[in-house]
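Novice: Sharing a structure below in structure tokens format, with a few things to ask.
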Amino acid sequence: MPSPNDAFANPEDAMRHGGLEFYREDPDVERYRRAHRNDMENIFPFLFLGAIYSLLDPNPTIARIHFLIFFIGRLVHTAAYVLALKAPTRSVSYSIAQLPCISMAFQILFSVASYW
Amino acid sequence: MPSPNDAFANPEDAMRHGGLEFYREDPDVERYRRAHRNDMENIFPFLFLGAIYSLLDPNPTIARIHFLIFFIGRLVHTAAYVLALKAPTRSVSYSIAQLPCISMAFQILFSVASYW
Amino acid sequence: MPSPNDAFANPEDAMRHGGLEFYREDPDVERYRRAHRNDMENIFPFLFLGAIYSLLDPNPTIARIHFLIFFIGRLVHTAAYVLALKAPTRSVSYSIAQLPCISMAFQILFSVASYW
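Residue numbers (my numbering), protein chains in the order written: chain A, 1 to 116; chain B, 117 to 232; chain C, 233 to 348.
Structure (structure tokens):
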């Protein structure tokens, strides 16, 4: 059953769920879209960095600390984004999650530096 | 030669192709942009999951079935998105393509569970 | 201190930096957002292609040429996008950066062709 708050990005979806007037943007959906986009911008590079970093045979405890900081930082970032928590919760958790990525990137660069 | 239907996301592109009045959004371009974005949201994680899953030494036939379902699901999803096929073609093909990803994610988690 | 040119994608950020009237879009921010999005669309696939290609044991000099062309192409692409350089600088640099990706994709496909 259609709800007065429905919103669809595609006209064919709106037609199926109440009518073309629901083909529109919604502030909450746009917020989740921005959160998802920020996830893509950060989590995909992390997956690559983490995979290459793991090939460097790192100390497992140090590797876990890297991954755990990223995981918690992104978890808080998502909560802060979706719940619109008071600034600067979101930007601080974003910055904390960047730290293990920067650390892994430098360790990868150092380990290949001798080949350049 | 400029066409009356041209649309450009950047003013410098529009200036080169007919004038600033073509610096505008176009419903079809926005549709393809959403399809492309959905591809990024789904295909990039698949590439990572598929690579790690392949390191688990899976049965090649079962691995092929995983990859084939994803491939066909995403192919139908793109056709359904671009051609605005009747709902729920797009969402069903999206969901089918998620199944091998969820399966691979669980197999990866199970295989590393003993290390936690 | 708030600047009259500030713009924020989230109301809670605008509230912290001068008021809700700064919850708005900005043409330059939208431009950088498009540049960043184009990076995701191209650099993430390159990371995957480059990693799989490296597993094929390629000639190191040829591999370096692939990576270098991509790197320079994307560097020029970003400069052309952010500085709004005269067309077709951006689209030419985009196309040049695609060449090593297409080359790597074909080499990967050829190397696995015997398994299909």
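Yeah, the Cβ is synthetic: ideal placement off N, Cα and C, and Gly gets one too. Here the structure is a predicted model, which is why all the values come from computation and not from measurement.
#1: Counting only beta-carbon atoms, is methionine 272 of chain C nearer than 8 Å to chain B?
#2: Taking only beta carbons into account, state which residues of the stretch 76-91 of chain A come closer than 7 Å to chain C, listed in chain order.
#3: Going along the chain, which residues of the stretch 148-178 of chain B sit with their C-beta nearer than 7 Å to a C-beta in chain A?
#4: Quick one: list the residues of chain A neighbouring aspartate 245 of chain C, beta-carbon separation under 7 Å, in chain order.
#5: Return no unless some Cβ of chain B is closer than 8 Å to the Cβ of arginine 74 of chain A.
#6: Would you please verify whether the beta carbon of arginine 24 of chain A is less than 8 Å from any beta carbon of chain B?
#7: Give the interface partners of alanine 125 of chain B over in chain C, defined as CB-CB distance under 8 Å, in chain order.
#8: For the alpha helix (DSSP H) containing arginine 269 of chain C, name the first residue and the last one.
#9: If you follow the alpha helix (DSSP H) that proline 127 of chain B is part of, which residue opens it and which one closes it?
#10: What residue does the alpha helix (DSSP H) around tyrosine 81 of chain A start on, and which one ends it?
#11: Should tyrosine 81 of chain A be labelled buried (16 or more other beta-carbon atoms within 10 Å of its own) or exposed?
#12: Any contact between the stretch 214-225 of chain B and the stretch 157-169 of chain B? By contact I mean 3 or more CB pairs, one from each, below 8 Å.
#13: What residue range is occupied by the uninterrupted alpha helix (DSSP H) comprising leucine 331 of chain C?
#14: Going by alpha carbons, who is nearest to isoleucine 275 of chain C out of C/Val261, C/Ile301, C/Ala239 and C/Pro290?
#15: Using alpha carbons as the reference points, say which of A/Lys86, A/Phe8, A/Glu12 and A/Pro45 lies closest to valine 29 of chain A.
#16: Report, in whole angstroms, the separation of the C-beta atoms of glutamate 244 of chain C and alanine 87 of chain A, which I expect to be a contact under 8 Å.
#17: Excluding the five sequence neighbours on either side, which residues of its own chain have a C-beta within less than 6 Å of the C-beta of threonine 205 of chain B, listed in chain order?
#18: Using only CA atoms, which one of A/Ser114, A/Pro58, A/Arg74 and A/Pro100 lies nearest to histidine 36 of chain A?
#19: Do you know whose CA, among C/Thr310, C/Val308 and C/Phe299, lies nearest leucine 331 of chain C's CA?
#20: Look at the Cβ atom of histidine 249 of chain C, then the Cβ atom of aspartate 258 of chain C, and state whether they are nearer than 8 Å.
#21: Whole angstroms is fine: what's the gap from arginine 150 of chain B's alpha carbon to serine 114 of chain A's?
#22: Classify phenylalanine 385 of chain C: buried if its beta carbon has 16 or more other beta carbons within 10 angstroms, exposed otherwise.
#23: Of the residues A/Leu83, A/Leu85, A/Ile72 and A/Ser111, which one's Cα is nearest the Cα of isoleucine 96 of chain A?
Specialist: With the given structure in hand:
#1: It does; some Cβ of chain B falls within 8 Å.
#2: Residues Ala84, Lys86 and Ala87.
#3: Cβ contacts with chain A come from Arg150, Met156, Glu157, Phe160 and Phe164.
#4: For a Cβ distance threshold of 7 Å, residue set Ala87 of chain A lies close to aspartate 245 of chain C, ordered along the chain.
#5: Chain B contact via Cβ: absent.
#6: Answer no: the Cβ-Cβ gap between arginine 24 of chain A and chain B never drops below 8 Å.
#7: In chain order: Arg266.
#8: It spans 259-287 - the alpha helix (DSSP H) in which arginine 269 of chain C sits, taken as one unbroken run.
#9: Where proline 127 of chain B is concerned, the enclosing alpha helix (DSSP H) starts and stops at 127-132.
#10: From DSSP, the alpha helix (DSSP H) with tyrosine 81 of chain A extends over 60-82.
#11: Result: buried.
#12: At 8 Å Cβ cutoff, the stretches touch.
#13: For leucine 331 of chain C, the uninterrupted alpha helix (DSSP H) segment begins and ends at 321-344.
#14: The shortest C-alpha separation from isoleucine 275 of chain C is found at C/Ile301.
#15: Nearest option by C-alpha distance: A/Phe8.
#16: Right, their Cβ atoms sit about 5 Å apart.
#17: Ala196.
#18: Checking every option, the nearest Cα to that of histidine 36 of chain A belongs to A/Arg74.
#19: If we check each option's Cα against that of leucine 331 of chain C, C/Phe299 comes out closest.
#20: No, they are not a contact pair.
#21: Rounded to whole angstroms, arginine 150 of chain B to serine 114 of chain A spans 43 Å at the Cα level.
#22: The requested residue 385 of chain C is not part of the displayed model; chain C covers only 233 to 348.
#23: Looking at the Cα atoms, A/Ile72 is the closest of the given residues.
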